[in-house]
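Shown next, in structure tokens, is the structure this report addresses.
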Amino acid sequence: MNAASPDEAAVSAPKEPLRAVPRASEPDIAEFASESVIIFDTDGAVHYWNPASEALYGWPALTMIGRGIGHLSTRSENEREHWRMLLQEGTWQGVVSRRTPSGIHIAVDIRQYVRFAQDGSPRDVIEYGRQSLSDGAVPAADWHIPDRLMAASWEIDVSASEKLIATIAGLRGEAGAEGQLNARYNELVKAARIVNVNERTMRLVGGNRGRDLMIGQPVAGFWPLESRATLGELIVDAMTSKTADATYRRQLPSDGILRDPLVTVWRAETPGRIYAAVNGTVDDDRSYMYLRASEARYRKLVHHMPVALWQVDASHMGRIYNDIRASGVTDFGAYLDEHPELVELAATTVQITDVNRAAVQMLGGASAIDLMRPVGYLFTVNRNALHNVMIGRFNGQASHEEVTKVETFDGRVLDVRMSVTYPKILAELDVTIFSFEDVTERMSMEAEIRQLQADFTHAARISTLGELTTSIAHEINQPLAAIVTNAETSLRWLSRDYPNVEKVKALTTRVAASARRASDIVQHIRGMASKRQPERVATDLNEIVQESLIFIRHEIESQSIGITTDLARGLPSTMADRIQLQQVVVNLLINSVQAVEAQSEGKREICIGTHLTDAGGLAFTLRDTGPGIPPEDLARIFEGFFTTKEAGMGIGLAICQSIISEHGGSITASNHPGGGAQLHFEIPVEAP
Amino acid sequence: MPKTPLVAVVDDDEAIREALCDLLMVTGLACSTFDSAPAFLSGDAPGHVDCLITDVRMPGMSGLDLLERMRAGGSDLPVIMLTSVLDPSARARALDLGAQAWLTKPVADDALLDELKAAIGAEDWPDEPGH
Numbered sequence: 001m002n003a004a005s006p007d008e009a010a011v012s013a014p015k016e017p018l019r020a021v022p023r024a025s026e027p028d029i030a031e032f033a034s035e036s037v038i039i040f041d042t043d044g045a046v047h048y049w050n051p052a053s054e055a056l057y058g059w060p061a062l063t064m065i066g067r068g069i070g071h072l073s074t075r076s077e078n079e080r081e082h083w084r085m086l087l088q089e090g091t092w093q094g095v096v097s098r099r100t101p102s103g104i105h106i107a108v109d110i111r112q113y114v115r116f117a118q119d120g121s122p123r124d125v126i127e128y129g130r131q132s133l134s135d136g137a138v139p140a141a142d143w144h145i146p147d148r149l150m151a152a153s154w155e156i157d158v159s160a161s162e163k164l165i166a167t168i169a170g171l172r173g174e175a176g177a178e179g180q181l182n183a184r185y186n187e188l189v190k191a192a193r194i195v196n197v198n199e200r201t202m203r204l205v206g207g208n209r210g211r212d213l214m215i216g217q218p219v220a221g222f223w224p225l226e227s228r229a230t231l232g233e234l235i236v237d238a239m240t241s242k243t244a245d246a247t248y249r250r251q252l253p254s255d256g257i258l259r260d261p262l263v264t265v266w267r268a269e270t271p272g273r274i275y276a277a278v279n280g281t282v283d284d285d286r287s288y289m290y291l292r293a294s295e296a297r298y299r300k301l302v303h304h305m306p307v308a309l310w311q312v313d314a315s316h317m318g319r320i321y322n323d324i325r326a327s328g329v330t331d332f333g334a335y336l337d338e339h340p341e342l343v344e345l346a347a348t349t350v351q352i353t354d355v356n357r358a359a360v361q362m363l364g365g366a367s368a369i370d371l372m373r374p375v376g377y378l379f380t381v382n383r384n385a386l387h388n389v390m391i392g393r394f395n396g397q398a399s400h401e402e403v404t405k406v407e408t409f410d411g412r413v414l415d416v417r418m419s420v421t422y423p424k425i426l427a428e429l430d431v432t433i434f435s436f437e438d439v440t441e442r443m444s445m446e447a448e449i450r451q452l453q454a455d456f457t458h459a460a461r462i463s464t465l466g467e468l469t470t471s472i473a474h475e476i477n478q479p480l481a482a483i484v485t486n487a488e489t490s491l492r493w494l495s496r497d498y499p500n501v502e503k504v505k506a507l508t509t510r511v512a513a514s515a516r517r518a519s520d521i522v523q524h525i526r527g528m529a530s531k532r533q534p535e536r537v538a539t540d541l542n543e544i545v546q547e548s549l550i551f552i553r554h555e556i557e558s559q560s561i562g563i564t565t566d567l568a569r570g571l572p573s574t575m576a577d578r579i580q581l582q583q584v585v586v587n588l589l590i591n592s593v594q595a596v597e598a599q600s601e602g603k604r605e606i607c608i609g610t611h612l613t614d615a616g617g618l619a620f621t622l623r624d625t626g627p628g629i630p631p632e633d634l635a636r637i638f639e640g641f642f643t644t645k646e647a648g649m650g651i652g653l654a655i656c657q658s659i660i661s662e663h664g665g666s667i668t669a670s671n672h673p674g675g676g677a678q679l680h681f682e683i684p685v686e687a688p
Numbered sequence: 689m690p691k692t693p694l695v696a697v698v699d700d701d702e703a704i705r706e707a708l709c710d711l712l713m714v715t716g717l718a719c720s721t722f723d724s725a726p727a728f729l730s731g732d733a734p735g736h737v738d739c740l741i742t743d744v745r746m747p748g749m750s751g752l753d754l755l756e757r758m759r760a761g762g763s764d765l766p767v768i769m770l771t772s773v774l775d776p777s778a779r780a781r782a783l784d785l786g787a788q789a790w791l792t793k794p795v796a797d798d799a800l801l802d803e804l805k806a807a808i809g810a811e812d813w814p815d816e817p818g819h
């Protein structure tokens, strides 16, 4: 997933800058050979040094790449002569003596072959070697290199810590300074910077971050906490050693990465630098090869996934959560509200250890490196989402999902559906995966549709109000008429020789009441006429029905239509859009009034009622004595633009249906066996 | 002293009924109110009142129905139609049936009282109290 070079990265081969020979097939194969395999350039500089060479000679590849083999040889003059002969002859075999890091010389049977370029000039030299049997060595039974022989190598710069090393060296002589020394050793490891690491180190502790992200970082960021002091101690040993090549080793406690690791430290040629090599078996039942293969497959898969993925190492937060849990905290949300610094800690210290190509594309990064930072940048727009992610982990959830917003590197804000998969409890690897799906377009489309729907609903309400102008005028005119008469009567009382204040007081009270009534009606109309976003509030269905009757009372009265209401008592309130529900009831009532009006003979009646359904929902029913709905139209009356009215737009019932289904309910139309239409809607109760 | 003229008010809106009644009282007239046409017809009011003020649009029986019914029953009681309906044909019908006046709400007090005075007769009209 190293997006700097996607194609190469896909096969999980972080670039090996010190190897001049491209990662062709030979080194890959040689990686698992039990024989030492070394490739030299024609000048005798080491280009490749396989793990078996590390095992045989004790020098990690990191220390050998780029150097001449003469470094390990006792008689360097002979080496030069030998090299000249080799290039001439093309092949050589025999026994050589070479120096190990511990200063011992071993006899090695080697075979050297020159490989030639197409023009016939020497290209490089391959050397195979094994410990000379004449030296008393027992041939290894294993055909492959055991994990423990493959060192995780480090080149470390401690040049900035000269003073500290001197201080420590001084402290060592003093009695009872152990505690202080430990702190200083840790300090030293924190100050020590990584110059280079080999692939094994990268794989073991780099968390797929790649070498580029390790180089220049403090060693402490990657070295297991338990053995940092030991490393510090070894660094001081090596740096203060009188012998340049002296090696210092120590068995470390198993740290969850390697079993019984052995660390060897010695001074490098470059002043202020040391090498460290850690040998040990991967603390895992599976073999290195198996791991490598499955990891390569996994990384290839992840890299090419179209979903943006982030791999996150939140293991240290897991430990913090354990402590918090142990202290008896159960409501972690409340705890986080009281400790916002913990969210900040996660934002700044939970490291992203890997990302895929889709993630880089989504955020507009130049390369994966831009994204390999603490997770905070994913939560700049909505810090609360991080809060939720943390609660999910604390509560031991398998996953967490929410729609949130994320800011891209060029400042755009995307709507994303974030899915977080937490590590299984007690899993060997503490890896959390974040996946982000860009839903910006979908959200804006949904917003547009919602807007369109709101516009239509509004248009339908306006059209309904248009049909009700006479009724509305009448409703407002009534209280206004009362006000005028009351006010004029008051003036008459006041103009008398002895003004009757008591009368005027009573009349003024009535004026106020009528004015309020007029104002309430205006409010209702304004509610119906306003262009507004849907809004759910605690709503009483019976109140809605009664308010709706205000709009059409005049129509009903003027047409001499009898209306009976049968409203159930004690209906529960529900979260609903009052104006929209009122719109539905008014619409259904108007349709019935018009149907009944058209009826020249017979009873003119509308019966409406409310009740609680068996399922606990709220129901509204209406039956009229109109001509009913033609059977062939029954299936279509809720369709948009279906109308039988000359002036109708045909959106009334369609809007009714969409409003009711927005509320999770259903609306039906039928004909009563005794004549007339029946309309019925039900909505579930959503407790406020 | 002549008896105080009695005016009946028929309107389904309580606020209107009360307002009209108070206006009549301050003028020195007596008033009795009914919330529907049948309520007015069912009592003995039609034979006792000097004038009737009625709303037109009411549930059940309308003001026009009421006027028709009274004329059909031989009553020539002066009737003032007080309505918010602007319906020329209804107005024409009312005037045909001998309505005293067709006034629209909100009505100016002087306009209503002038019509009442015309209906009741100046000789029976009370002196404005308090002056």
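If you read the sequences in order, they're chains A and B.
Note that the working numbering has the first sequence beginning at 1, numbered continuously upward.
Note that the working numbering has the second sequence beginning at 689, numbered continuously upward.
By construction, the Cβ of each residue, glycine as well, lies at the ideal position given by its N, Cα and C atoms.
Remember, predicted model here, so these are calculated numbers, not experimental data.
Inset, instruction - Identify whether residue 244 of chain A lies in helix, strand or coil by the three-state DSSP scheme. - result: As a working mapping, residue 244 of chain A is identified with position 244 in the first sequence. Coil.
Legend entry - Short Cβ contact (7 Å threshold) for residue 73 of chain A with residue 109 of chain A: Position 73 of the first sequence holds residue 73 of chain A. Position 109 of the first sequence holds residue 109 of chain A. Not a contact, by the Cβ cut-off of 7 Å.
Legend entry - 7 Å Cβ cutoff, residue 724 of chain B in contact with chain A: Numbered from 1 along the second sequence, position 36 holds the residue referred to as residue 724 of chain B. At a cut-off of 7 Å, the C-beta of residue 724 of chain B has no neighbouring C-beta in chain A.
Inset, instruction - Report buried or exposed for residue 412 of chain A, applying the criterion of at least 16 other Cβ atoms within 10 angstroms of its Cβ. - result: What you label residue 412 of chain A is simply residue 412 of the first sequence in a count that begins at 1. With fewer than 16 other Cβ atoms within 10 Å, it is exposed.
Legend entry - Where the beta strand (DSSP E) through residue 446 of chain A begins and ends: As a first step, residue 446 of chain A must be located in the first sequence, where it is residue number 446. Element bounds for residue 446 of chain A: not the beta strand (DSSP E) but the alpha helix (DSSP H), 440-467.
Inset, instruction - With a threshold of 16 other CB atoms inside 10 Å of the CB of residue 652 of chain A, please say whether the residue is buried or exposed. - result: Looking up residue 652 of chain A in the first sequence gives position 652. With 16 or more neighbouring CB atoms inside 10 Å of its own CB, residue 652 of chain A falls in the buried class.
Legend entry - Three-state secondary structure (DSSP) of residue 718 of chain B: Taking the second sequence and counting its residues from 1, one reaches residue 718 of chain B at position 30. In this structure, residue 718 of chain B counts as strand in the three-state DSSP scheme.
Inset, instruction - Output the distance between the C-alpha atoms of residue 59 of chain A and residue 42 of chain A, rounded to the nearest integer angstrom. - result: Against the first sequence, residue 59 of chain A aligns to sequence position 59. Against the first sequence, residue 42 of chain A aligns to sequence position 42. Cα to Cα, the separation comes out at about 21 Å.
Legend entry - Own chain partners of residue 286 of chain A with C-beta closer than 6 Å, once the 5 adjacent residues on each side are dropped: Here residue 286 of chain A refers to the residue found at position 286 of the first sequence. For residue 286 of chain A, the pLDDT reaches just 44, beneath the cut-off of 50, and the residue's location in the model is therefore unreliable, although a value from the coordinates is still provided. When the five nearest sequence neighbours on each side are left out, no beta carbon in the same chain lies closer than 6 Å to the beta carbon of residue 286 of chain A.
Legend entry - Endpoints, the alpha helix (DSSP H) within which residue 316 of chain A is located: As a position in the first sequence, residue 316 of chain A is number 316, starting the count at 1. It spans 315-326 - the alpha helix (DSSP H) in which residue 316 of chain A sits, taken as one unbroken run.
Inset, instruction - Confirm, please, whether the CB-CB distance from residue 521 of chain A to residue 476 of chain A is below 7 Å. - result: Locating residue 476 of chain A in the first sequence gives position 476, where the first residue counts as 1. Locating residue 521 of chain A in the first sequence gives position 521, where the first residue counts as 1. Contact: yes.
Legend entry - Reference residue 122 of chain A, options A:99, A:86 and A:410, closest by Cα: Stepping through the first sequence from its first residue, residue 122 of chain A is reached at position 122. The shortest Cα separation from residue 122 of chain A among A:99, A:86 and A:410 belongs to A:86.
Legend entry - For residue 379 of chain A, the three-state DSSP class (helix, strand or coil): Indexing the first sequence from 1 puts residue 379 of chain A at position 379. Residue 379 of chain A falls in the helix class under three-state DSSP.
Legend entry - residue 115 of chain A in three-state terms, based on DSSP: Within the first sequence, the letter at position 115 stands for residue 115 of chain A. Reduced to three states, the DSSP call for residue 115 of chain A is strand.
Inset, instruction - Any chance you could list the beta strand (DSSP E) runs of at least 3 consecutive residues sitting entirely within the region 159-247 of chain A, in chain order? - result: Complete beta strand (DSSP E) runs here, min 3: 193-197.
Inset, instruction - Report yes or no: do three or more beta-carbon pairs, one from the region 715-732 of chain B and one from the region 501-516 of chain A, lie closer than 8 Å? - result: These segments do not touch.
Inset, instruction - Starting from residue 746 of chain B, find everything on chain A with Cβ-Cβ shorter than 7 Å and list it in chain order. - result: Against the second sequence, residue 746 of chain B aligns to sequence position 58. What residue 746 of chain B touches in chain A: 557.
Legend entry - Residue range of the unbroken alpha helix (DSSP H) whose run includes residue 513 of chain A: Numbered from 1 along the first sequence, position 513 holds the residue referred to as residue 513 of chain A. Unbroken alpha helix (DSSP H) run through residue 513 of chain A: 501-529.
Inset, instruction - Tell me whether residue 341 of chain A sits in a helix, a strand or coil according to DSSP, three-state version. - result: To locate residue 341 of chain A, count along the first sequence from 1; it is residue 341. Look at residue 341 of chain A here: in three-state DSSP terms it is helix.
Inset, instruction - Give the residues of chain A in contact with residue 756 of chain B, contact being defined as C-beta atoms less than 8 Å apart. - result: In the second sequence, residue 756 of chain B corresponds to position 68, counting from 1. The premise fails here: residue 756 of chain B is roughly 14 Å from chain A at the closest Cβ pair, so nothing lies under 8 Å.
Legend entry - residue 708 of chain B, DSSP secondary structure in three states: In the second sequence, counting from the first residue as 1, residue 708 of chain B sits at position 20. Residue state, collapsed to three classes: helix.
Inset, instruction - On the DSSP bridge assignment, give the partners of residue 609 of chain A in chain order. - result: Locating residue 609 of chain A in the first sequence gives position 609, counting from the first residue. DSSP output for residue 609 of chain A lists A:566 and A:621 as bridge partner(s).
Legend entry - residue 312 of chain A, buried or exposed, once every other Cβ within 10 Å from all chains shown has been counted against 16: Position 312 of the first sequence, counted from the first residue, corresponds to residue 312 of chain A. Per the 10 Å Cβ criterion, buried.
Legend entry - Cα-Cα separation between residue 308 of chain A and residue 417 of chain A, rounded to whole angstroms: As a first step, residue 308 of chain A must be located in the first sequence, where it is residue number 308. As a first step, residue 417 of chain A must be located in the first sequence, where it is residue number 417. Straight through space, the alpha carbons of residue 417 of chain A and residue 308 of chain A are spaced by roughly 11 Å.
Legend entry - Inter-residue spacing [alpha-carbon to alpha-carbon] between residue 128 of chain A and residue 35 of chain A: Along the first sequence, one-based indexing puts residue 128 of chain A at 128. Along the first sequence, one-based indexing puts residue 35 of chain A at 35. Distance between the alpha carbons of residue 128 of chain A and residue 35 of chain A: 6 Å.
Legend entry - Cutoff 7 Å: residue 474 of chain A Cβ touching any chain B Cβ: Taking the first sequence and counting its residues from 1, one reaches residue 474 of chain A at position 474. Look at residue 474 of chain A: its C-beta is under 7 Å from a C-beta on chain B.
Legend entry - Cβ shell of residue 637 of chain A (< 7 Å), same chain only, five flanking positions each side left out: The residue labelled residue 637 of chain A in the question sits at position 637 within the first sequence. The answer, listed in chain order, is 629, 653 and 669.
Inset, instruction - Would you please verify whether the beta carbon of residue 597 of chain A is less than 7 Å from any beta carbon of chain B? - result: As a working note, residue 597 of chain A is residue 597 in the first sequence. So, not an interface residue.
Legend entry - Top-ranked residue by Cα proximity to residue 199 of chain A, from A:493, A:584, A:116 and A:154: Here residue 199 of chain A refers to the residue found at position 199 when the first sequence is read from its first residue. By alpha-carbon distance to residue 199 of chain A, the top candidate from A:493, A:584, A:116 and A:154 is A:154.
Legend entry - Whole-Å CB distance - residue 625 of chain A paired with residue 596 of chain A, under 8 Å assumed: Counted from its first residue, the first sequence places residue 625 of chain A at position 625. Counted from its first residue, the first sequence places residue 596 of chain A at position 596. Contact flag correct, Cβ pair sits at about 6 Å.
Legend entry - Neighbourhood of residue 105 of chain A by C-beta distance below 7 Å, restricted to the same chain and skipping five residues each side: In the first sequence, the residue the question calls residue 105 of chain A occupies position 105. Non-local beta-carbon contacts of residue 105 of chain A in its own chain, meaning distances under 7 Å to residues more than five positions away in sequence, involve 74, 97, 98 and 99 in chain order.
Legend entry - residue 488 of chain A at chain B interface by Cβ criterion, 7 Å: Position 488 of the first sequence, counted from the first residue, corresponds to residue 488 of chain A. Judged by the 7 Å Cβ criterion, residue 488 of chain A is in contact with chain B.
Legend entry - Own chain residues within Cβ distance below 8 Å of residue 383 of chain A, not counting five before or after: Numbered from its first residue, the first sequence carries residue 383 of chain A at position 383. Beyond the five residues adjoining it in sequence on each side, residue 383 of chain A comes within less than 8 Å, by CB distance, of 343 and 347 in the same chain, given in chain order.
Inset, instruction - Taking only heavy atoms of the ligand FMN into account, decide whether any of them is closer than 6 Å to the Cβ of residue 114 of chain A. - result: The ligand FMN is not part of the structure shown, which contains no ligands of any sort.
Inset, instruction - Identify the contact partners of residue 701 of chain A in chain B, using a Cβ-Cβ distance below 8 Å as the criterion. - result: This structure cannot settle anything about residue 701 of chain A, because the visible part of chain A is limited to 1 through 688.
Inset, instruction - Return the residues of the region 704-724 of chain B that lie within a Cβ-Cβ distance of less than 8 Å from chain A, sorted by chain order. - result: Residues of the region 704-724 of chain B with a C-beta less than 8 Å from any C-beta of chain A: 704, 706, 707, 708, 710, 711, 714 and 715, listed in chain order.
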